[in-house]
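Colleague:
Residue numbers (the numbering used here), protein chains in the order written: chain S, 5 to 14; chain D, 11 to 222.
#1: So, does the region 128-143 of chain D touch the region 110-117 of chain D, judging by three or more C-beta pairs under 8 Å?
#2: Return the Cβ separation of residue 28 of chain D and residue 172 of chain D in integer angstroms, given the expectation that the two are a contact with Cβ distance under 8 Å.
#3: What's the gap between the Cα of residue 40 of chain D and the Cα of residue 34 of chain D?
#4: Quick check on residue 206 of chain D - is its C-beta less than 9 Å from some C-beta in chain S?
#5: Quick one: which residues of the region 61-95 of chain D get their C-beta closer than 8 Å to a C-beta of chain S? List them in chain order.
#6: So who's on the other strand from residue 219 of chain D, going by DSSP bridges?
#7: What span of residues does the alpha helix (DSSP H) with residue 190 of chain D cover, start to end?
#8: Do you know offhand how far residue 17 of chain D's Cα is from residue 168 of chain D's?
#9: Could you name the residues of the same chain whose beta carbon sits closer than 8 Å to that of residue 24 of chain D, not counting the 5 residues immediately before and after it, in chain order?
#10: Kindly list, in the order they appear in chain S, the residues whose Cβ is closer than 7 Å to that of residue 130 of chain D.
#11: Among D:129, D:47, D:218, which has the Cα closest to the Cα of residue 141 of chain D?
#12: Leaving aside the five residues before and after residue 55 of chain D along the sequence, list all residues of the same chain whose C-beta is less than 7 Å from its C-beta, in chain order.
#13: Relative to the alpha-carbon of residue 38 of chain D, which residue among D:21, D:74, D:96, D:86 has its alpha-carbon at the smallest distance?
#14: Consider the Cβ of residue 255 of chain D: report whether some Cβ of chain S lies at a distance smaller than 9 Å.
#15: Residue 97 of chain D CB to nearest chain S CB: under 9 Å?
#16: Listed from N- to C-terminal order along the chain, which residues in the region 17-31 of chain D have their beta-carbon within a distance smaller than 8 Å of any beta-carbon of chain S?
#17: Do residue 69 of chain D and residue 11 of chain D have their beta-carbon atoms positioned less than 9 Å apart in this structure?
#18: Can you tell me the Cα-Cα spacing of residue 12 of chain S and residue 177 of chain D, whole angstroms?
#19: Using CA coordinates, which residue listed in D:213, D:198, D:89 is at the minimum distance from residue 157 of chain D?
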């Protein structure tokens, strides 16, 4: 997956 | 974490605090779109649900709590504490025209068809258009208080800095998130017209007013 996981950005 | 990301977050924080202070000091929310502020409260709530499930860093958790807290405080000030000063007649943007398509898009185009991921995607899409009721209100009244323009400038600057952050991350970490980038670019484009007015008018000491 290309997503941020975990989501470190706000 | 890079310098663009950090200054972007701080610019975002500055925007939120400028707006709160403006309302608190003037005891008035005139010229502020309550609808945009409700949308931002929804954005933070749906995006930061992972506060309950995932710990990333103290910085990450603190900022999320501050953003959510300030968003609800702003909505409270507009619709409860200083309700009498709220200019509802000019805040006439139809938010269902944003929320419904954005909800549909989040269900259709996401990284993973799961509850948390769809809510995160929804918040990313919604944030990109959440300022529209505010910009619509300014175009309707034809003017904005200078402090309101500082708020909008910081909010737009935060988005522009995030784009630099993504360029940085792509080059140095080989990382990119297409959903966040496309939504972020759309969001930044929405501010371009405003940036132009801010630089040509507000920074030269003039009030922001639009030609009739």
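All C-beta atoms in this analysis are idealised placements derived from N, C-alpha and C, irrespective of residue type, glycine included.
Modeller: Judging by the given coordinates:
#1: The region 128-143 of chain D and the region 110-117 of chain D touch, with no fewer than 3 CB-CB distances between them shorter than 8 Å.
#2: Taking the first residue of the second chain as 1, we reach residue 28 of chain D at position 18. Taking the first residue of the second chain as 1, we reach residue 172 of chain D at position 162. Rounded, the Cβ-Cβ distance is 18 Å, inconsistent with contact.
#3: For the purposes of this step, residue 40 of chain D is identified with residue 30 of the second chain, where counting begins at 1. For the purposes of this step, residue 34 of chain D is identified with residue 24 of the second chain, where counting begins at 1. Within the model, the alpha-carbon separation for residue 40 of chain D versus residue 34 of chain D is close to 12 Å.
#4: Sequence index remark: in the second chain, residue 206 of chain D carries index 196 (1-based). The Cβ of residue 206 of chain D sits no closer than 9 Å to any Cβ of chain S.
#5: Against chain S - using a Cβ distance shorter than 8 Å - the residues of the region 61-95 of chain D are 64, 66, 67, 70, 73, 74, 77.
#6: Residue 219 of chain D sits at position 209 when you count from the first residue of the second chain. Looking at the DSSP assignment, residue 219 of chain D forms a beta bridge with D:153.
#7: Position 180 of the second chain, counted from the first residue, corresponds to residue 190 of chain D. Under the DSSP assignment, residue 190 of chain D falls in the alpha helix (DSSP H) whose first and last residues are 188-210.
#8: Stepping through the second chain from its first residue, residue 17 of chain D is reached at position 7. Stepping through the second chain from its first residue, residue 168 of chain D is reached at position 158. Within the model, the alpha-carbon separation for residue 17 of chain D versus residue 168 of chain D is close to 8 Å.
#9: Indexing the second chain from 1 puts residue 24 of chain D at position 14. Non-local C-beta neighbours of residue 24 of chain D in its own chain, meaning closer than 8 Å and more than five positions away in sequence, comprise 164, ordered along the chain.
#10: The count along the second chain starts at 1 and reaches residue 130 of chain D at position 120. Correct list: 11.
#11: Along the second chain, one-based indexing puts residue 141 of chain D at 131. For residue 141 of chain D, the closest alpha carbon among the candidates D:129, D:47, D:218 is that of D:47.
#12: Counting from one through the second chain, the residue named residue 55 of chain D turns up at place 45. If the five residues before and after residue 55 of chain D are omitted, its C-beta is found closer than 7 Å to the C-beta atoms of 78, all from its own chain and listed in chain order.
#13: The residue you call residue 38 of chain D lines up with position 28 of the second chain. When each option's Cα is compared against that of residue 38 of chain D, the closest is D:96.
#14: Nothing about residue 255 of chain D can be read from this structure; chain D reaches only from 11 to 222.
#15: Along the second chain, one-based indexing puts residue 97 of chain D at 87. Chain S has no Cβ within less than 9 Å of the Cβ of residue 97 of chain D.
#16: Within the region 17-31 of chain D, the residues whose Cβ lies closer than 8 Å to some Cβ of chain S are 19, 22, listed in chain order.
#17: The residue labelled residue 11 of chain D in the question sits at position 1 within the second chain. The residue labelled residue 69 of chain D in the question sits at position 59 within the second chain. Going by beta carbons, residue 11 of chain D and residue 69 of chain D fall inside the 9 Å limit.
#18: Indexing the first chain from 1 puts residue 12 of chain S at position 8. Indexing the second chain from 1 puts residue 177 of chain D at position 167. Straight-line measurement puts the Cα of residue 177 of chain D at about 16 Å from the Cα of residue 12 of chain S.
#19: Within the second chain, the letter at position 147 stands for residue 157 of chain D. Looking at the Cα atoms, D:213 is the closest of the given residues.
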